[in-house]
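With the first letter of the sequence shown counted as 1, position 65 gets the number 65 in full-length UniProt numbering; the numbers rise by one all the way through.
Backbone N, C-alpha and C fix where the C-beta goes; we use that ideal spot for every residue, glycine too.
These notes are about the structure you will find just below.
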Amino acid sequence: MERYGANPEADYKILKVNGLGAAEFLSIVLPAMEAYGGGQIVVMSSSLGYRPLPYVASYCASKAMLLFLCESISREYPKIHVQCLTPALVATNMTHYDKTHGSLFVKTPDSFACEAVNTIGLVNVTTGCFNHEFQMLLRHLFPWCMLKYILLPFNWYHKHRTDQLHKARVAADCDKKVLLFADFILPVN
């Protein structure tokens with residue numbers, strides 16, 4: 001998590017993978033699907049596509065792009081049902097949450113997948129699970145001037161937490177390299 005522009009190469013990669021990668025894939029499969037009479041596509045976006053937060057600007061922009069792209073495709077290809085998933089936090093390597101323990105706000109990958117699969121074909125845009133739908137309801141009910149006092153402190157906490165985890169991981173990797181180097185120079189019998 002860093003300011004937009006602090007690492008242009010990383011910003012570009014995030015936009016390319018999360019936005020343009022999906023867009024290019026859709027442009028390849030849509031004509032073939034239409035020729036075969038239609039079908040179902042599920043595109044993974046994020047709730048951050050609705051309301052951008054600091055330090056994840058390129059990620060938010062790429063996910064907003066997917067939301068708009070899915071809506072446009074739904075109108076252009078009436079035989080193809082396009083569903084856009086916009087989950088909040090799911091415990092993955094990217095979010096740095098424990099994958100085995102969920103909470104009210106953070107779903108485990110397995111529990112999220114079980115709920116999200118049940119929404120396929122029901123609506124065009126969904127968070128994929130009840131917990132995240134409830135969070136989105138709160139985001140729509142409260143104006144940003146109030147909501148920012150809830151979301152931004154959580155965002156700052158998450159940034160601090162991920163920065164600390166990243167520093168610990170880099171230090172651990174550095175220690176491993178030093179040990180490997182020492183073993184190479186002075187073999188242990």
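- prompt: Which full runs of the beta strand (DSSP E) of 3+ residues lie inside the segment 75-139, going along the chain?
  reply: 80-85
- request: Report back the beta-carbon spacing between C70 and V43 to the nearest angstrom; my notes put them in contact at under 8 Å.
  value: 5 Å
- prompt: Can you tell which of D110, C60 and S45 has its C-alpha closest to the C-alpha of P52?
  reply: C60
task: Could you check which residue in Q83, T108, I80 and F112 has the C-alpha nearest to that of A91?
output: T108
message: Tell me which residue opens and which closes the beta strand (DSSP E) that G39 is part of.
response: Boundaries of the beta strand (DSSP E) around G39: G39 to M44.
query: Taking Cβ to Cβ, would you say residue 196 is nearer than 8 Å to K63?
result: Residue 196 lies beyond the range of the chain shown here (1 to 189); nothing can be said about it.
query: Do residue 191 and E34 have their CB atoms nearer than 8 Å?
result: Lying outside 1 to 189, the shown extent of the chain, residue 191 is not represented and no answer is given.
- request: Indicate, with yes or no, if the ligand SAH has a heavy atom lying under 7 Å from the CB of A10.
  value: As far as ligands go, the structure on display features none, and thus does not contain the ligand SAH.
Q83, buried or exposed, once every other Cβ within 10 Å from all chains shown has been counted against 16: By the neighbour-count rule (16 or more Cβ atoms within 10 Å), Q83 is buried.
field: Helix, strand or coil at G19 according to DSSP, with G and I counted as helix
entry: DSSP places G19 in helix when its eight states are reduced to three.
- request: Report all residues from its chain with a CB closer than 6 Å to the CB of residue 191; omit the five preceding and five following residues, and keep chain order.
  value: Absent from the structure is residue 191, since the part of the chain shown begins at 1 and ends at 189.
field: Inter-residue spacing [alpha-carbon to alpha-carbon] between A57 and S47
entry: 13 Å
Straight-line gap, P54 to H160 (C-alpha atoms, nearest Å): 13 Å
task: Starting from the Cα of L85, find the closest Cα among L165, L66 and F25 and give me that residue.
output: L66
query: Based on Cα-Cα distance, which residue from D110, D173, I41 and A171 lies nearest to G121?
result: Of the candidates D110, D173, I41 and A171, I41 places its Cα closest to the Cα of G121.
task: Run the CB neighbour count on I14, radius 10 Å, all protein chains shown included, and call it buried at 16 or more, exposed below.
output: buried
F68 versus Q164 - alpha carbon distance: Taking the straight line joining both Cα atoms gives about 34 Å.
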